[in-house]
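Numbering (the UniProt record's numbering), first residue to last: 1 to 115.
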(Lines of atoms letter the chains of each structure in order from A; the text may use other names.)
(Lines give C-alpha, C1' and ligand atoms only; values in the text may rest on other atoms or scores of the structure.)
Protein backbone atom coordinates (compact mmCIF):
# COMPACT_ATOMS: atom_id res chain seq x y z
CA UNK A 1 0.00 0.00 0.00
CA UNK A 2 3.02 2.31 0.09
CA UNK A 3 2.50 3.38 -3.51
CA UNK A 4 -0.83 5.08 -2.69
CA UNK A 5 -1.04 8.66 -1.56
CA UNK A 6 -3.85 10.91 -0.42
CA UNK A 7 -4.75 13.69 -2.84
CA UNK A 8 -6.29 17.09 -2.11
CA UNK A 9 -9.69 15.46 -2.55
CA UNK A 10 -8.78 13.07 0.28
CA UNK A 11 -8.95 10.01 -1.94
CA UNK A 12 -6.25 7.47 -2.58
CA UNK A 13 -4.70 8.11 -5.98
CA UNK A 14 -2.29 5.91 -7.86
CA UNK A 15 1.01 7.81 -8.22
CA UNK A 16 1.12 7.27 -12.01
CA UNK A 17 -2.29 8.87 -12.36
CA UNK A 18 -1.33 11.67 -9.98
CA UNK A 19 1.81 12.47 -12.00
CA UNK A 20 -0.19 12.52 -15.26
CA UNK A 21 -2.64 14.95 -13.70
CA UNK A 22 0.20 17.20 -12.52
CA UNK A 23 1.77 17.46 -15.99
CA UNK A 24 -0.88 17.17 -18.71
CA UNK A 25 0.30 17.35 -22.32
CA UNK A 26 -2.37 19.96 -23.12
CA UNK A 27 -3.70 23.19 -21.65
CA UNK A 28 -6.50 22.15 -19.29
CA UNK A 29 -8.13 25.60 -19.27
CA UNK A 30 -8.24 25.68 -23.08
CA UNK A 31 -9.90 22.26 -23.20
CA UNK A 32 -12.39 23.34 -20.53
CA UNK A 33 -13.29 26.42 -22.57
CA UNK A 34 -13.74 24.32 -25.71
CA UNK A 35 -15.99 21.82 -23.92
CA UNK A 36 -18.04 24.61 -22.32
CA UNK A 37 -18.41 26.54 -25.57
CA UNK A 38 -16.13 29.48 -24.81
CA UNK A 39 -14.44 31.46 -22.07
CA UNK A 40 -17.65 33.28 -21.11
CA UNK A 41 -19.59 30.00 -20.83
CA UNK A 42 -16.89 28.59 -18.56
CA UNK A 43 -17.07 31.68 -16.35
CA UNK A 44 -20.87 31.44 -16.10
CA UNK A 45 -20.80 27.68 -15.44
CA UNK A 46 -18.24 28.08 -12.67
CA UNK A 47 -20.26 30.88 -11.05
CA UNK A 48 -23.47 28.82 -11.09
CA UNK A 49 -21.72 25.69 -9.81
CA UNK A 50 -20.16 27.75 -7.04
CA UNK A 51 -23.60 29.03 -5.99
CA UNK A 52 -24.98 25.49 -5.88
CA UNK A 53 -22.04 24.08 -3.94
CA UNK A 54 -22.11 26.87 -1.35
CA UNK A 55 -25.89 26.71 -0.84
CA UNK A 56 -26.68 24.52 2.19
CA UNK A 57 -30.17 23.73 0.85
CA UNK A 58 -28.59 21.84 -2.07
CA UNK A 59 -26.27 19.86 0.22
CA UNK A 60 -25.92 16.18 -0.62
CA UNK A 61 -24.62 15.33 2.83
CA UNK A 62 -26.24 12.21 4.27
CA UNK A 63 -28.30 11.73 1.09
CA UNK A 64 -27.47 8.03 0.93
CA UNK A 65 -28.58 7.47 4.50
CA UNK A 66 -32.04 8.96 4.03
CA UNK A 67 -35.19 6.94 3.54
CA UNK A 68 -37.10 7.20 0.29
CA UNK A 69 -39.72 9.58 1.82
CA UNK A 70 -36.91 11.75 3.22
CA UNK A 71 -35.23 11.91 -0.19
CA UNK A 72 -38.57 12.79 -1.79
CA UNK A 73 -39.21 15.59 0.72
CA UNK A 74 -35.67 16.87 0.21
CA UNK A 75 -36.11 16.85 -3.57
CA UNK A 76 -39.34 18.84 -3.28
CA UNK A 77 -37.61 21.32 -0.96
CA UNK A 78 -34.70 21.61 -3.41
CA UNK A 79 -37.06 22.12 -6.35
CA UNK A 80 -38.87 24.95 -4.60
CA UNK A 81 -35.59 26.49 -3.50
CA UNK A 82 -34.22 26.23 -7.04
CA UNK A 83 -37.31 27.99 -8.45
CA UNK A 84 -36.86 30.80 -5.91
CA UNK A 85 -33.16 31.05 -6.76
CA UNK A 86 -33.92 31.24 -10.51
CA UNK A 87 -36.33 34.13 -9.93
CA UNK A 88 -33.99 35.83 -7.46
CA UNK A 89 -31.08 35.72 -9.91
CA UNK A 90 -33.26 36.70 -12.90
CA UNK A 91 -32.37 33.60 -14.89
CA UNK A 92 -34.49 32.24 -17.73
CA UNK A 93 -36.07 28.93 -16.69
CA UNK A 94 -34.82 27.39 -19.93
CA UNK A 95 -31.49 29.20 -19.87
CA UNK A 96 -27.95 28.00 -19.57
CA UNK A 97 -27.71 28.74 -15.85
CA UNK A 98 -30.55 26.33 -15.10
CA UNK A 99 -28.87 23.75 -17.32
CA UNK A 100 -25.71 24.09 -15.23
CA UNK A 101 -27.71 23.72 -12.00
CA UNK A 102 -29.31 20.50 -13.24
CA UNK A 103 -25.91 19.13 -14.25
CA UNK A 104 -24.51 19.68 -10.78
CA UNK A 105 -27.28 18.58 -8.48
CA UNK A 106 -27.68 15.09 -7.13
CA UNK A 107 -29.57 12.35 -8.93
CA UNK A 108 -32.16 12.24 -6.15
CA UNK A 109 -33.06 15.84 -6.79
CA UNK A 110 -33.45 15.31 -10.53
CA UNK A 111 -35.77 12.36 -9.96
CA UNK A 112 -38.45 14.60 -8.51
CA UNK A 113 -37.69 17.98 -10.06
CA UNK A 114 -40.45 17.57 -12.66
CA UNK A 115 -43.11 18.09 -9.98
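Think of the CB as a built atom: it goes at the ideal place given N, C-alpha and C, for glycine as much as any other residue.
These numbers come from a predicted model, not from an experiment.
For residue 99, the enclosing alpha helix (DSSP H) stretches over residues 96-104.
For residue 73, same chain residues with a beta-carbon under 8 Å away, outside a window of 5 residues either side, do not exist.
Per DSSP, residue 56 is not a residue of any alpha helix (DSSP H), being assigned neither H nor E.
Three or more Cβ pairs drawn from the stretch 80-100 and the stretch 39-59 lie within less than 8 Å of each other, which places the two stretches in contact.
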